[in-house]
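K.L.:
Just dropping this structure here.
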Amino acid sequence: MREEPAIKNAVAGAIHWPQSCGCRDPRILTRRYAGIFDAEGGHVERGDALGLRKKGFSWALKLMSEQLVKAEHAIVCLGPWSPHLLRQFGYFMGISRHIPTF
Ligand SMILES: Cc1cc2nc3c(=O)[nH]c(=O)nc-3n(C[C@H](O)[C@H](O)[C@H](O)COP(=O)(O)OP(=O)(O)OC[C@H]3O[C@@H](n4cnc5c(N)ncnc54)[C@H](O)[C@@H]3O)c2cc1C
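In the numbering used here, the protein residues as written are -12 to 89.
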């Protein structure tokens, strides 16, 4: 409680992780990860994920470049925005919402 004076209610316990590390510039970190992804043969493109469509057994998305990409699988990793997209396909995902509302 000395470390977290803002916590007013009684707590059952806490985990102190002394080896945690920080990142001064998350933007550069993300760019470096993208560089590694590229170097390993990956390809980064930009587009609005809300344009994702299911076509038969595959997925399709029009990129900002107007190119249409099709894939057998789509991975949704939009953080707190994920439920909004997933709902269109009938998936309901519980998430604690402390950022934007839709
Ligand atoms: C204020 C704050 C401080 C935090 N501090 C820490 C911390 O110190 N340490 C820690 O470990 N965690 C911290 N977190 C939590 C951490 O940010 C998240 O756990 C982490 O970012 C989740 O990563 P993610 O890739 O799942 O989602 P996100 O990082 O949320 O990424 C989702 C991405 O999807 C993109 N997106 C959304 N909609 C669309 C769309 N329609 N089309 C295309 N792209 C879209 C967004 O722009 C975003 O880039 C913090 C969170 C907040 C809000």
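Heads up, the beta-carbon is just placed ideally off N, CA and C, and yes, glycines get one too. Fair warning: this is a prediction, and the values are worked out from it, not measured in the lab.
If we count Cβ pairs, one from each stretch, closer than 8 angstroms, do we get three or more for the stretch 68 to 82 versus the stretch 28 to 43?
P.N.:
Because the criterion of three Cβ pairs below 8 angstroms is met, the stretch 68 to 82 and the stretch 28 to 43 touch.
K.L.:
On the three-state DSSP scale, how would you describe residue -7?
P.N.:
Residue state, collapsed to three classes: coil.
K.L.:
Any chance the CB of residue 46 is under 7 angstroms from a heavy atom of ligand 1?
P.N.:
No, since every heavy atom of ligand 1 falls outside the 7 angstroms radius drawn around the Cβ of residue 46.
K.L.:
Count Cβ pairs between the stretch 60 to 73 and the stretch 20 to 29 that sit closer than 8 angstroms; are there 3 or more?
P.N.:
No, the stretch 60 to 73 does not touch the stretch 20 to 29.
K.L.:
May I ask you to report which of helix, strand or coil DSSP gives residue 19?
P.N.:
Helix at residue 19.
K.L.:
What are the partner residues of residue 56, as DSSP defines its beta bridges?
P.N.:
The partner list for residue 56 (beta bridge, DSSP) reads 48.
K.L.:
Spatial neighbours of residue 48 within its chain, please: C-beta separation below 6 angstroms, excluding the five flanking residues on both sides.
P.N.:
So the qualifying residues of the chain are 34, 38, 39, 56.
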